[in-house]
Amino acid sequence: MGVAVCRFRLTDTPAQWDTAAQKWRDGTPIRYVCTAWRNLARNAAESLVNGINILVKGRITEIRDSTVFLSADDIGISLRQRIAYTETSLPSPAAAAPVTTPPAASPSPSHPATRRPGNPPAWWEERRSSGWSGNGPAPTAADGTSLHTGR
190 MGVAVCRFRL
200 TDTPAQWDTA
210 AQKWRDGTPI
220 RYVCTAWRNL
230 ARNAAESLVN
240 GINILVKGRI
250 TEIRDSTVFL
260 SADDIGISLR
270 QRIAYTETSL
280 PSPAAAAPVT
290 TPPAASPSPS
300 HPATRRPGNP
310 PAWWEERRSS
320 GWSGNGPAPT
330 AADGTSLHTG
340 R
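All residue numbers for the sequence shown refer to our numbering, where the first residue is 190 and numbers rise by one.
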């Protein structure tokens, strides 16, 4: 079995400041032909698709016909315009399970149903308004279990 190799092309168009027009203009595009070897080649072939911005670290092996040839040491996906997940950071399969809505409980008259995602729970506001004294109701998690409050 031979050594894995992956060759791909990319273009970088640097921005240049035009002092006369007082604005940024696209410079002359720089074309690259990158070659990755072994594990980097396998991972690049599996991960890279047309149109994504990437970062390549490597060694210039040749410059010919206004094209720079690189031997890639490392490749990364630019996070400027996207989120990237690694194998270890992917959500568990349970995260894709259908969500079932529990039956709606009738709101108590003292606590109208104004909780929205991102807002603190009712017990937080009660404790805060009472100066964080311990005489309010015990805080509970979303599943109804009590939370340890350090008392």
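Using N, Cα and C, we set each Cβ at its ideal position, and we do this for glycine too.
Cβ separation of I243 and L199, assumed to be a contact under 8 Å, to the nearest whole Å: The C-beta distance from I243 to L199 rounds to 7 Å, short enough to meet the 8 Å contact threshold.
Nearest to V222 (by Cα), restricted to the options I249, P203, D207 and N228: Its Cα nearest to that of V222, the residue I249 stands out among I249, P203, D207 and N228.
Taking just the CA atoms, how far does A193 sit from A210? Rounded to whole angstroms, A210 to A193 spans 49 Å at the Cα level.
G247 versus W226 - alpha carbon distance: Computed Cα separation, rounded: 12 Å.
In angstroms, rounded to a whole number, what distance separates the CA positions of Y274 and E251? Spanning the two alpha carbons is a distance of roughly 33 Å.
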